[in-house]
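For reference, the structure discussed in these notes is given below.
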Amino acid sequence: MKLKLQITMGLIFVILISSLNLIIIAEDSEYQTEKQDLLITHPYFIQKIVHAKDQKYSDFNQEQYNPDISFINLEKDVLISADNPDGDDIHPKIIRKDNTLVMTYEKSINFSSKTNPIVWSQNYGQSWTTQFELDSSIIPATSGIMQRPDIKYVPGIDQFYFSAVDPEAYMYNNVMFWIPGNITTAEEALAYAISGPQNYYDSATGATENWGIAVTTVDAYEFNKTFGLGYFTYPDFEKPPVMGGYYFDCNRVHNSSPADKLEMGMNDNRIFLVSEQTEKGKISIKSTVNNEALLNNGELQNGLDKYADIENWPGEYIANGSDPDISACEDKVFVVYLENDTIKCKYSTSSDGYEPYFDWNESTIDKDNVYCPTVYAYSTKKIICAYVKDNNLFFAKSYDGALTWEEPYQINDIDGTVVEISGSVAISDMGVVWTDNREGQSDIYFQLNNVDFFIPIITFTGGLGIIIEIENIGGISVENIDISISIDAPFIIIGKEKIINVSIDKYESITYRMFTLGFGKMTIIVDCGMFGSESASGILFGPFFWIT
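Per the working numbering, the sequence shown starts with residue 1, numbered consecutively.
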């Protein structure tokens, strides 16, 4: 009776707001008939534009990029959530675009308000700026409580895609945002919210080359904490062409529900969704192809979209355990999880067809008083796992594709203050964030993972020619790195562009003099590719350069 009442109210609502150009989602199939009524309640939606914060904060009184920074001055435990001293900040997520680190987290202001700041750093995590503070209360019928945020970068459209849930909302429970890729200067973010069945719990976010993917756990039909999944395009949050729309998992291909601790990962071949099946105490993985042409080609299986529908994604249990995390690279996938107070890693290759054809192997990372494992695959061979042990933050590294792991080591400065809750730790290729209560409340801290990276600091000096110093503050020496130098000025006779090939030992620097002949205001850009870039402005007069 409750379900019938919900459907009736949903139909009335659709009639009342039909002028808002709602898209009614349905899939033409007898197999889908029993899913139709509930699906029709899905398209409650609303769009908003969110503006950047008028005032930004930084933990240090310095410019967001400080070319004088040196290796010995890099802070270790950097406080990010400095603007919420009386509230708890939890569940961080971190990613990187070029030389910009971007992260989000849950910011508990009071018992009825929980926002998700979007913060960034361009000086290797030494200071952070809040560009947006996302809040579901801008949307009618929501509660102002946003939890389990996640964020991914969508390279084909240069946008960040964000998703979270408002579990207390009357409707519009799944809240999403498109955030411009040039986040440091972004002034607006586009918000979108949808409703569906009762009770929203957890969320995870994924991305293809051009789409955002939102996954939530919801109570739908007779299933508790089953998956709801949608693919969304920019800027209108429309479904990609040909697709049936938003999908629910009725567990006919693989029984994932009740699901908890969702995490998504992508490699060259596949999109992965890993979770804990709490009823069975097992680690569950579902996956589909990471190929937009296949995802929206219209091919059906059992009357459902073969590749796109979460219900049709092949799935399996890969271990007994809890609290999984996933990372993937090229054709490899790595899953870390807890089993009997031990952190283990399952790893396999994957295919690009409908069936993943996994061949799982297992290794042990650490044991005894361990919690909250998270993993990042830098390559198919180099893997790092961060986790909590005895209320401290530990790293363990593998250089043979997770077959073996080096001796773990502690990285936080203050002993015994790392919080042991699910989702307490998140890691990217450049740094790790975690939840820490050293000041009494739960706060978010950052530490640069510079041990195995080339991290260039670029400075410019004027004079006869342009003197460029490149210092490697990372913990690894590099050889044969191509660095591009380009100059933009009204009139240049010689020296407009140059590519230099350099080798720099760790903690050392090189100096290069760029000879240029020209006149006028100019900008020089030194581009180290994925390792970052830096520019300077000045005046060029013949062969002489002055920095302005």
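For glycine and all other residues, C-beta sits at the position ideal for the given N, C-alpha and C.
So residue i and residue j are in contact, right, with Cβ under 8 angstroms, and what is the actual spacing, rounded?
i: residue 143; j: residue 166; result: 6 angstroms
i: residue 465; j: residue 513; result: 5 angstroms
i: residue 174; j: residue 201; result: Incorrect: roughly 11 angstroms between the Cβ atoms, too far for contact.
i: residue 116; j: residue 134; result: 4 angstroms
i: residue 232; j: residue 266; result: Going by Cβ atoms, the distance from residue 232 to residue 266 rounds to 16 angstroms, so no, they are not a contact pair.
i: residue 206; j: residue 264; result: 4 angstroms
i: residue 183; j: residue 162; result: That belief does not hold up - the Cβ atoms of residue 183 and residue 162 are roughly 11 angstroms apart, past 8 angstroms.
i: residue 247; j: residue 325; result: Going by Cβ atoms, the distance from residue 247 to residue 325 rounds to 24 angstroms, so no, they are not a contact pair.
i: residue 81; j: residue 444; result: 4 angstroms
Thinking just about the alpha-carbon of each residue, which of the options is nearest to the one in residue i?
i: residue 312; options: 340, 251, 384 and 523; result: 251
i: residue 529; options: 93, 98, 92 and 94; result: 98
i: residue 503; options: 520, 546 and 456; result: 456
i: residue 562; options: 196, 449 and 516; result: No information on residue 562 is available, as it lies outside the stretch 1 to 548 that the chain covers here.
i: residue 297; options: 101, 258, 241 and 287; result: 241
i: residue 141; options: 416, 193 and 492; result: 193
i: residue 484; options: 233, 500, 246 and 491; result: 500
i: residue 460; options: 317, 139 and 533; result: 533
i: residue 419; options: 435, 369 and 411; result: 435
i: residue 473; options: 124, 172 and 359; result: 124
i: residue 213; options: 189, 239, 219 and 410; result: 239
i: residue 348; options: 444, 331 and 291; result: 331
i: residue 369; options: 190, 343 and 481; result: 343
i: residue 136; options: 121, 172 and 128; result: 172
Identify the continuous alpha helix (DSSP H) that holds residue i and give its terminal residues.
i: residue 294; result: 292–295
Quick check on the DSSP output: the beta strand (DSSP E) that includes residue i runs from which residue to which?
i: residue 265; result: 259–266
i: residue 431; result: 431–436
i: residue 133; result: 129–134
i: residue 379; result: Neither: residue 379 is in no beta strand (DSSP E) and is coded neither H nor E.
i: residue 460; result: 456–461
i: residue 203; result: 198–207
i: residue 223; result: 223–232
i: residue 298; result: From DSSP, residue 298 is part of no beta strand (DSSP E); its letter is neither H nor E.
i: residue 94; result: 89–97
i: residue 250; result: No beta strand (DSSP E) contains residue 250, which DSSP labels as neither H nor E.
i: residue 195; result: Run containing residue 195: none; DSSP gives neither H nor E here.
i: residue 417; result: Run containing residue 417: none; DSSP gives neither H nor E here.
i: residue 120; result: 113–121
i: residue 155; result: Premise fails: residue 155 is in no beta strand (DSSP E) and is neither H nor E.
Which residues in the same chain have their Cβ closer than 6 angstroms to the Cβ of residue i, if we skip the five residues on either side of it in sequence?
i: residue 496; result: 487
i: residue 386; result: 374, 395, 425, 427 and 432
i: residue 145; result: 114, 166 and 168
i: residue 258; result: 224, 225, 278 and 279
i: residue 321; result: 283, 337, 338 and 339
i: residue 106; result: 90, 91, 114 and 147
i: residue 104; result: 93, 116, 118, 149 and 151
i: residue 274; result: 263, 285, 324, 326 and 335
i: residue 391; result: 416 and 418
i: residue 478; result: 454 and 504
By Cβ distance, which residues of its chain are closer than 7 angstroms to residue i, with the 5 residues on each side in sequence left out?
i: residue 535; result: 523, 524 and 525
i: residue 408; result: 366, 394, 395 and 396
i: residue 493; result: 517 and 518
i: residue 318; result: 283, 285, 335, 346 and 360
For residue i, name the three-state secondary structure that DSSP assigns.
i: residue 542; result: strand
i: residue 351; result: coil
i: residue 529; result: helix
i: residue 494; result: strand
i: residue 363; result: strand
i: residue 255; result: coil
i: residue 183; result: helix
i: residue 139; result: coil
i: residue 310; result: helix
i: residue 403; result: coil
i: residue 52; result: coil
i: residue 398; result: strand
i: residue 345; result: strand
i: residue 507; result: coil
i: residue 217; result: strand
i: residue 242; result: coil
i: residue 164; result: strand
i: residue 356; result: coil
i: residue 334; result: strand
i: residue 537; result: strand
i: residue 171; result: coil
Could you confirm whether any beta carbon from chain C is found closer than 8 angstroms to the beta carbon of residue i?
i: residue 145; result: The displayed structure is made up of one protein chain only, and chain C is not part of it.
Leaving aside the five residues before and after residue i along the sequence, list all residues of the same chain whose C-beta is less than 8 angstroms from its C-beta, in chain order.
i: residue 378; result: 329, 384, 429 and 452
i: residue 323; result: 261, 276, 337, 338, 371, 372, 373 and 422
i: residue 289; result: 269, 270, 271, 295, 307, 352, 353 and 354
i: residue 541; result: 519
Please indicate yes or no: does the CB of residue i lie closer than 7 angstroms to some heavy atom of the ligand HEM?
i: residue 435; result: In the structure on display, the ligand HEM does not appear, and there are no ligands present to speak of.
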